[in-house]
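Quick notes on the structure that follows.
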Amino acid sequence: MSGLEGRNALVTGGSRGIGRAISLRLAEMGANVAVNYANSQSAAEEVASEIADLGVIAKTYKADVSDRESCEAMVAQAISDFGQIDILINNAGIGSSGIDRPTVTEATYDQFNLLIGANLWGPIHMCKALVPHMRDAARSDIVMISSVATDSYSERMGLYSIGKAGMEALAYTLAKEERVHGMRVNVVAPGLVDTDMGRKLITLLPGSDDMRERDATAPFGFVCTPEDIAAAVAYLVSEDGRYLTNQRIAVNGGGF
Ligand code: NAP
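Be aware that the sequence shown starts at 771, since it is given in the working numbering, and climbs by one per residue.
Written as structure tokens, this is what we have:
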């Protein structure tokens, strides 16, 4: 699938895992890519180098998405560098496994601030900073990388689910408010994906700690890959997805 020539994407958390795969997939389709990272500078630079090898432009931007001023500075720099950003992928996130899955009452306010900061304030800051600018494009797209955690609201997933539910509410509201400006806003909700976050999560869940052993019991005989998530994002922002907005695609092999 090509068709993103001349478009410019900003991918939060583009240094690793799902964001890395999305950055590369959009570049393969012809888009220039602003790759955001928080800590993993060398990984982000590797992604940018792989993107440059595809013949499009990539630049890296260090910013903690939970910090409003960092987001505003990143957006201003990316617009200055690319002229226009017309695809925003709100992918950066922190899993509940990153804080050892406390219950709501066990969780400290620091833990709430960490997860709500990355998973909800991040998308809010990015949308507040970028949406007014994106209205200038004939077509623009925002994709929020949520989670099937918002289907189940499982115990010990509360801090994560609360952030992702808020992120989805942001998407569906913007879809209605911004359609008049040519903006499509959609949600992709992965199940378990084979990334650093996914590998940490399975150590805290029943079953094998080895992702390859989990393939046998996963839908279709394999655990979802970052590229499977990137493919759904690619479809949404492509010409084929031009009539889709206000939608949520769960990429979890059916999930039952
Ligand atoms: P990952 O392997 O842990 O990678 C997380 C990415 O987000 C990294 O690039 C990291 O950047 C970035 N990041 C984290 N906090 C950030 C912050 N405050 N500011 C900027 N960047 C930040 O995770 P992943 O599995 O690829 O997850 C990507 C998204 O998919 C997340 O939103 C996650 O909730 C969602 N998801 C994942 C799974 C799964 O099973 N893996 C399932 C459902 C949903 P640095 O490396 O620079 O710190």
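Positions of the beta carbon are idealized from the N, C-alpha and C atoms, including for glycine.
Any non-hydrogen atom of ligand 1 within 7 Å of residue i CB
i	result
Ile869	no
Met967	yes
Tyr807	yes
Ser917	yes
Ala1001	no
Ala833	yes
Pro976	no
Ser836	yes
Ala862	yes
Thr987	no
Gly893	It should be noted that the sequence gives Pro, not Gly, for residue 893. Result no, Cβ not under 7 Å from ligand 1.
Thr995	no
Thr878	no
Endpoints, alpha helix (DSSP H) assigned at residue i
i	result
Ile849	838-852
Arg984	981-984
Ile1019	No alpha helix (DSSP H) contains Ile1019, which is instead part of the beta strand (DSSP E) from 1018-1021.
Tyr942	928-948
Ile999	996-1007
Val817	811-822
Ile869	Where Ile869 is concerned, there is no enclosing alpha helix (DSSP H), given that its DSSP letter is neither H nor E.
Rounded separation between residue i and residue j - CA only
i	j	result
Phe992	Gly1024	13 Å
Ser931	Ala797	30 Å
Asp851	Asp985	42 Å
Cys841	Asp834	7 Å
Asn860	Ser1008	17 Å
Glu947	Lys934	20 Å
Trp891	Ser922	22 Å
Asn809	Thr920	27 Å
Ile855	Gly776	10 Å
Ser772	Gly1011	13 Å
Glu815	Gly853	21 Å
Gly865	Arg795	23 Å
Asp979	Arg969	7 Å
Tyr942	Leu885	21 Å
Met937	Asp870	22 Å
Leu929	Phe882	6 Å
Ile999	Ser785	15 Å
Thr728	Ser836	This structure cannot speak to residue 728, because the chain is shown only from 771 to 1026.
Whole-number beta carbon distance between residue j and residue i, since they are thought to touch under 8 Å
i	j	result
Asn956	Val913	5 Å
Pro960	Val918	7 Å
Met896	Thr782	6 Å
Cys994	Val963	5 Å
Arg790	Pro996	7 Å
Ala813	Tyr831	The Cβ separation is near 14 Å, so there is no contact.
Range covered by the beta strand (DSSP E) that runs through residue i
i	result
Val831	Note that residue 831 is Tyr in the sequence shown, not Val. Residues 828-832.
Met953	953-960
Ala779	778-781
Ala988	Neither: Ala988 is in no beta strand (DSSP E) and is coded neither H nor E.
Item to complete: Just list the alpha helix (DSSP H) runs in the region 874-917, keeping only unbroken ones of 4 residues or longer that don't cross its boundaries, in chain order.
Response: Secondary structure in the region 874-917: the alpha helix (DSSP H) runs of 4 residues or longer, each lying completely within the stretch, are 879-886, 892-904 in chain order.
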